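Q: This structure is in structure tokens; I'll ask about it shortly.
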Amino acid sequence: MQRKAGSLAEVGDEFRVELDRVDDMDQVRVMIEPSSESAELSDRGRKVQVPQAWKAALGLRVDVDVVPHGSLPRTQFKADRLTDRRRKLHEG
4 MQRKAGSLAE VGDEFRVELD RVDDMDQVRV MIEPSSESAE LSDRGRKVQV
54 PQAWKAALGL RVDVDVVPHG SLPRTQFKAD RLTDRRRKLH EG
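Positions in the sequence shown are counted from 1; adding 3 to them yields the working numbering.
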């Protein structure tokens, strides 16, 4: 996802990935900051184009939330961008 996010003109420098499980289905939600290069594109346009690009590249359905530029904390490590909210198997 890191490589694909970096290749999308619609996505700024920061993004977050959240994994969750709803009704026995894993879900992927990505929060993105818009890039300055795509300022003319609406957030609605990003919510359409970015998931299509990720589905084509990764074969995953991804829900996208667009957040204001600068609102996500800056990260130094890739692992800081991922939050897994799914219950662990051993938690029952």
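Even glycine gets a Cβ: it sits at the ideal position worked out from N, Cα and C. Note that the structure is a prediction, hence the values are computed from the model and not measured.
Alpha carbon to alpha carbon, what distance is there between GLU36 and GLY14?
A: Numbered from its first residue, the sequence shown carries residue 14 at position 11. Numbered from its first residue, the sequence shown carries residue 36 at position 33. Checking the sequence, you will find Val at residue 14 rather than Gly. VAL14 and GLU36 have their C-alpha atoms roughly 6 Å apart.
Q: Under a three-way DSSP split, which group does VAL20 fall into?
A: Position 17 of the sequence shown, counted from the start, is the residue given in the question as residue 20. Strand at VAL20.
Q: Using beta-carbon positions only, say whether ARG88 and ASP66 come within less than 8 Å of one another.
A: Within the sequence shown, residue 88 is the residue found at index 85, counting from 1. Within the sequence shown, residue 66 is the residue found at index 63, counting from 1. No, the Cβ-Cβ distance between ARG88 and ASP66 is not below 8 Å.
Q: Where does ARG49 land, buried or exposed, given buried means 16+ other C-beta within 10 angstroms?
A: Walking along the sequence shown from the start, residue 49 turns up at place 46. Answer is buried; the Cβ neighbour count reaches 16.
Q: Which residues does DSSP list as the beta-bridge partners of MET34?
A: Walking along the sequence shown from the start, residue 34 turns up at place 31. Under DSSP, MET34 takes part in a beta bridge, and its partners are ARG19, ASP68.
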